[in-house]
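Have a look at the structure below before the remarks.
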Amino acid sequence: MSHLSRRAFLTKSSLAAATAGLLASAPATALPGLLAGAGTEADAAVAEEGAVELGGELEGTVVAHVRDLTTGEISIYSGTQETVIRDPGMAARLARAAR
Amino acid sequence: MSSHREAPEISKDPAADSADLYAFVSPDKPDTVTIIANYVPLQGPAGGPNFYEFGDDVLYQIDIDNNGDGVSDIIYQFQFNTSVGNPETFLYNTGPIGNLGDAHWNRRQTYRVAKFQHQAGRIVGSNLVCPPCNIGPLSTPNYEALAGAAVGKLADGERVFAGQRADGFYVDLGAIFDLGDLRPFEQAHNKFGVSVPPQMNSPAPGINGTKGLNVHSIALQIPKALLTKSGVYPTDPSSRSSVIGVWTSAFRQKVRMLGSNGSPTYAGPWVQVSRLGNPLINEVIIPLGDKDAWNATGPGTDSQFTHYYNKPELAGLLPVLYPGAFPNLDALNKSGKPRADLVAVLLTGIPPGVVPGFQNSMGTTQADMLRLNMAIPPTTSSPSNIGLLGGDAAGFPNGRRVFDDVTTIEIRAIAGVTYALIDKSYKPDDVATVVHQGLTSGPNDLNAEGTAQFLPGFPYLGQPYAGWDVPADDTPTMVSSY
């Protein structure tokens, strides 16, 4: 199984990048979400650059949201999960691609 | 609907918009509590061919707190699934729908229920069926039978129903949101110097803004012993453990994208977009700038909103809108004293010693929940639609029954009637003790103008209005100019 670079991931995924400002996020709620195998905002983990391993074929939609260009904070949504990474370089590339 | 279209964002999302919440000891099964959460408000019954339904993309919850911290101890979570039998027709049904398995019924919803308790969750009901919408005598010739067959049972013995109902909430929306007009008292309104229709210069009965409209209800009937923290059947009205706090909430996934063919795709965690405990809170107490945030939070953090209860905007408006009618309220407003009465009634529950023989307090946590003292038996003889204000401890704000006139109750409370409970030197204005919205003939009238006949048993809210016959009753007076 070949591992994808983050750049390849960005190219191959169904991806949307919102580059404008911070999304006003609601407070976390104590929603167990069993029915949908759901994650909540409380589950969102902040991962440092390089901590996210990606590989194999992607299933379902993956959405990236650049929350803050200055810190490089990007939310990645997949299924009912949200993962937050900090990658200023990637955030800048996404912003450029969106122009 | 005590909380319909109450905040800017949720007003654009009817499928997730909680409209009313009821919680009461079941009058015909007093060992149980019935909880009803209404969504999809203001349905015109003729709204086809795609009739109203729950959102497959919405998570609906009924939340129960049994230890007073404003956090869910028991959660019932509902998720719906819509299926289309024949995509080649535009019709909701291709013939009369005789039963819930009828092949003529082309677009149907099923649902499953999960229950969370003690940090664990499990599925307690699967493939439960919603009844169709009530269309008319050709399509749904025996609606009562269809709805009756849709009452199901969950794993722990709870009864459940999810589907269309006649809206039982009655409120004069048209007048109240026209700068606080109460038709029975509109001759006393200041009218802002505007030239008004002559009939506004004399008292008039209210007009029910929800007349002939439907909602979608999620109803549960739960044995009382399943609701207490200890699992013990509550019998002592003076015990804090006899009280539960109830609210409903709805969630959507964070991301929604439309494909090039318009079909949506979802991603991300669930975010709360709607909640409802006591009636009319987000509608009337919370100002515009905080309404969306209020909907996104849980009751456990409601102390951040307490200042709105302590100085409600409506209390300040009443003496202005009705000059001379509320002098004592005006003086109370100007004194700057916080409305600790409203905080007790709506945020903490009424502690022992305030109303003789009654309490529905769970402690000091300020949380907007519909608090129900389950040890107080249902009132079966001459119940009062103004609940506790009418001496009927089985009604709002001790939970809420389908016929309670919560609008009148809360107007009177905000007008100062309940302040006398905490300050014996305060005399409520005479008007405050009798003000009403003009939709009932009196406190013992349980069938307000324009409401459907309530049912004697579960799910209590009446059969929905059929599209076929409601337009015939739709005869508004067209007034092009005043």
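Residue numbers (the working numbering), protein chains in the order written: chain G, 1 to 99; chain P, 1001 to 1482.
Backbone N, C-alpha and C define an ideal beta-carbon position, used for all residues, glycine too.
8 Å Cβ cutoff, PRO1299 (chain P) in contact with chain G: no
TRP1105 (chain P) at chain G interface by Cβ criterion, 8 Å: no
Among P:SER1072, P:LEU1021, P:ASP1013 and P:PRO1087, the one whose alpha carbon lies nearest that of GLU1053 (chain P): Among P:SER1072, P:LEU1021, P:ASP1013 and P:PRO1087, the Cα nearest to that of GLU1053 (chain P) belongs to P:ASP1013.
CB-CB length for GLY1209 (chain P) against VAL1271 (chain P), believed under 8 Å: With 8 Å as the limit, GLY1209 (chain P) and VAL1271 (chain P) do not qualify as a contact, their Cβ atoms being about 30 Å apart.
Pick from P:SER1425, P:GLY1180, P:ARG1108 and P:LEU1439 that is closest to VAL1406 (chain P), judged by C-alpha positions: P:LEU1439
Beta-carbon gap between PRO1312 (chain P) and ARG1339 (chain P) smaller than 8 Å: yes
Length of the line joining the Cα atoms of CYS1133 (chain P) and THR1089 (chain P): 18 Å
Stretch-stretch touch, CB-based, cutoff 8 Å, three pairs: the region 1052-1066 of chain P with the region 1075-1082 of chain P: yes
Option nearest VAL1025 (chain P) by Cα separation, candidates P:LYS1229, P:ILE1135, P:PRO1237 and P:ASN1444: Residue P:PRO1237 is the option with its Cα nearest to VAL1025 (chain P).
C-alpha gap between ALA1344 (chain P) and ILE1350 (chain P), whole angstroms: 5 Å
Under the three-state DSSP convention, the category ASP1258 (chain P) falls into: Before going further, note that residue 1258 (chain P) is Leu rather than Asp in the sequence given. Here LEU1258 (chain P) sits in strand by DSSP.
Near-chain G residues of the region 1263-1297 of chain P - C-beta to any C-beta below 7 Å: THR1265, ALA1267, GLY1268, PRO1269, TRP1270, VAL1271, GLN1272, ALA1296 and THR1297
Proximal residues of chain G, C-beta to C-beta of GLN1043 (chain P) below 7 Å: Chain G residues near GLN1043 (chain P): none, gap ~25 Å exceeds 7 Å.
Complete beta strand (DSSP E) runs within the region 1240-1327 of chain P (minimum length 3 residues, chain order): 1243-1258 and 1264-1276
Below-8 Å beta-carbon distance, THR61 (chain G) vs any chain P residue: yes
Within-8 Å CB hit, VAL1255 (chain P) to chain G: Chain G contact via Cβ: present.
Contacts of GLU82 (chain G) in chain P (Cβ-Cβ under 8 Å): Result: LYS1254, GLY1268 and PRO1269.
8 Å Cβ cutoff, GLY89 (chain G) in contact with chain P: Taking a beta-carbon distance threshold of 8 Å, GLY89 (chain G) does not count as an interface residue toward chain P.
Euclidean distance between Cα positions of VAL1431 (chain P) and GLY1047 (chain P): 41 Å
3 or more residues per run - each beta strand (DSSP E) lying fully within the region 1053-1127 of chain P: Along the region 1053-1127 of chain P, the beta strand (DSSP E) occurs as fully enclosed runs of 3 or more residues at 1058-1065, 1074-1084 and 1107-1117, listed in sequence order.
PHE1161 (chain P) - DSSP class collapsed to helix/strand/coil: strand
Strand pairing of ALA1436 (chain P), partner residues [DSSP]: According to the sequence displayed, residue 1436 (chain P) carries His and not Ala. Partner(s): none; HIS1436 (chain P) has no beta bridge.
Validate contact between the region 1175-1189 of chain P and the region 1211-1220 of chain P using beta carbons, cut 8 Å, 3 pairs: These segments do not touch.
Backbone CA spacing between TYR1022 (chain P) and PHE1169 (chain P) [nearest angstrom]: Distance between the alpha carbons of TYR1022 (chain P) and PHE1169 (chain P) is about 10 Å.
Proximity of PHE1051 (chain P) and TYR1111 (chain P) at Cβ, strictly below 8 Å: Against a cut-off of 8 Å, the Cβ pair of TYR1111 (chain P) and PHE1051 (chain P) comes out as no contact.
LEU1042 (chain P) in three-state terms, based on DSSP: strand
Min CB distance GLY79 (chain G) to chain P below 8 Å: yes
Status (buried if at least 16 other CB within 10 Å, exposed otherwise) for HIS1436 (chain P): buried
The region 1061-1080 of chain P in contact with the region 1357-1366 of chain P per 3-pair CB rule at 8 Å: yes
Runs of beta strand (DSSP E) wholly within the region 51-92 of chain G (minimum 3 residues, chain order): Qualifying beta strand (DSSP E) stretches, in chain order: 62-68, 73-78 and 81-86.
Given 8 Å, three or more beta-carbon pairs between the region 1090-1109 of chain P and the region 1135-1150 of chain P: yes
Short Cβ contact (8 Å threshold) for ILE1285 (chain P) with TYR1322 (chain P): no
CB of LEU1314 (chain P) within 8 Å of CB of ILE1386 (chain P), strictly: No. Outside cutoff.
Residue span of the beta strand (DSSP E) that contains ARG1371 (chain P), given as start and end: That run of the beta strand (DSSP E) goes 1370-1373.
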